[in-house]
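Protein chains: 2
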Amino acid sequence: MSTSEKSGYHHGDLRAALLTTAMQMLEAGESFSLRAVARGAGVSATAPYRHFADRDALESALAGEGFRDLRADLVGDGELPASLDDLAEFGVAYVSFALRRPALFRLMFGTPCDDENDERVRAAAALNELLAQALAQVAPGADAGALADAGWGLAHGLACLYLDGKLVAGSSGEVEARVRAAFAAVTANVG
Amino acid sequence: MSTSEKSGYHHGDLRAALLTTAMQMLEAGESFSLRAVARGAGVSATAPYRHFADRDALESALAGEGFRDLRADLVGDGELPASLDDLAEFGVAYVSFALRRPALFRLMFGTPCDDENDERVRAAAALNELLAQALAQVAPGADAGALADAGWGLAHGLACLYLDGKLVAGSSGEVEARVRAAFAAVTANVG
DNA sequence: AGGCGAAAGTAAGCAGTGTCAACATCGGAG
DNA sequence: CTCCGATGTTGACACTGCTTACTTTCGCCT
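Chains as they are written, first to last, in our numbering: chain A, 70 to 260; chain B, 70 to 260.
The structure is reproduced here in structure tokens:
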């Protein structure tokens, strides 16, 4: 009870509270409105405008969190992939993230990106760099750029297609298996 | 002037007119509203409800058109790909479609799919089947399913990433080149 | 301590949206 | 010719993002 509800008028840390409730709505349901977020934080409809320029700014902040979380998921055990098999696990983790937090994933990628939000751009760039490093380490000989594009593209594409139900699998275990198979089919003799 | 404006009250072929204006808005700007579409067709705000259950139904119909158009683009010259190089051209065409008609592409894939729209589902399935056929023909020996997943996933992922600006290229020619390179990096020794 | 400016919140309101219910109009089958 | 069902219209409701103007509170300076 350090940074919360001090007086009833001034919230204490509204910005964080708004991000939290917005993220919860994203995880639970699907869409959210600024007004609903404000309501959830127990605050008037226009209060969020003291902390976010507009709806897009809130969404960008959430997307930034999303990129950091995704990066954390990918790098989970703290090691970059050292082999092509490890690379496939990157893909599996990427797709799992998308399926586990679909609304967030859509927010991160589905929206036309306003490239004016520093935090969001930086978080996305960090993710990009992580993938490039991983790829370069796995296949030092090959065309690193093209391979990085392909790796990210494949993971991202599978994530989107499973998310949209364009590709269908019964269980999450089956999804993982098929993602591994797709990576295997393609990395068969690379490097 | 065969199927248009007969009396001023009854439109003649509102459903088609709505789809046309909605598609035009999609091509030109970004988003559209049911009301704006109705306005564009010169009709009251609620008239569309005689032809579409709700906004989603209109969007699904547009998405259906999109899937058919995409299929036509991919199969343009009338031939399925006979080699891996041809397959890369599939990917190039896929990405080009996404970049040429971004709003439509987002509508087709970005929206949580309501799988109750027959037309849309059928159109998407047709596209899926086309890709599977193509892949099976190119690499008859390999794991056809996994390869089809990988091919579609790679094309789709690159399309999304370029569309969102997560991958950046100066000209459309450069995009094409990088898509080809990504496919090449990955299909190097497949089959 | 006290007061004062800025920060953080509220209230009222505008334009726009998706959708519903009730009403108007017209073309075509009987 | 008449009437009925398909097609369009009007009006309204609840909701949204956002602006403007007002109020409350915090914290710093003297």
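By construction, the Cβ of each residue, glycine as well, lies at the ideal position given by its N, Cα and C atoms.
Among the residues of the region 199–223 of chain A, those with a Cβ less than 7 Å away from any Cβ of chain B are Ala211, Asp212, Ala215, Leu216, Asp218, Ala219, Trp221, Gly222, Leu223, in the order of the chain. If you draw a straight line from the Cα of valine 190 of chain A to the Cα of glycine 98 of chain B, it is about 24 Å long. When B:Ser152, B:Thr256, B:Arg247 are compared, the shortest CA-CA separation from glutamine 202 of chain B is found for B:Ser152. If you ignore the 5 residues before and after phenylalanine 174 of chain A, its C-beta comes within less than 6 Å of the C-beta of Ala167, all in its own chain and listed in chain order. For leucine 176 of chain B, the closest Cβ of chain A is not nearer than 7 Å.
At a cut-off of 7 Å between beta carbons, alanine 132 of chain A makes no contact with chain B. Between alanine 122 of chain B and threonine 256 of chain A, the alpha-carbon positions lie close to 46 Å from each other. Bounds of the alpha helix (DSSP H) holding phenylalanine 178 of chain B are 171–178. Histidine 225 of chain B reaches chain A at Gly222, His225, Gly226, Leu227, Cys229, Leu230, Lys235, counting residues in chain order whose Cβ is nearer than 9 Å.
For aspartate 123 of chain B, no alpha helix (DSSP H) encloses it, and the DSSP letter there is neither H nor E. Contact between histidine 120 of chain A and leucine 143 of chain A fails: their C-beta atoms lie close to 30 Å from each other, not under 8 Å.
Taking 7 Å as the CB threshold, glycine 179 of chain A lines the interface with chain B.
In the DSSP annotation of this structure, the continuous segment of the alpha helix (DSSP H) that includes histidine 225 of chain A starts and ends at 213–232. If the five residues before and after leucine 87 of chain A are omitted, its C-beta is found closer than 6 Å to the C-beta atoms of Val106, Ala110, Pro117, all from its own chain and listed in chain order. In the three-state scheme derived from DSSP, where H, G and I count as helix and E and B as strand, serine 165 of chain B is classed as helix. Chain A places no beta carbon closer than 7 Å to that of valine 144 of chain B, leaving this residue out of the contacts.
Of the other Cβ atoms in all chains shown, 16 or more fall within 10 Å of the Cβ of alanine 224 of chain B; this residue is therefore buried.
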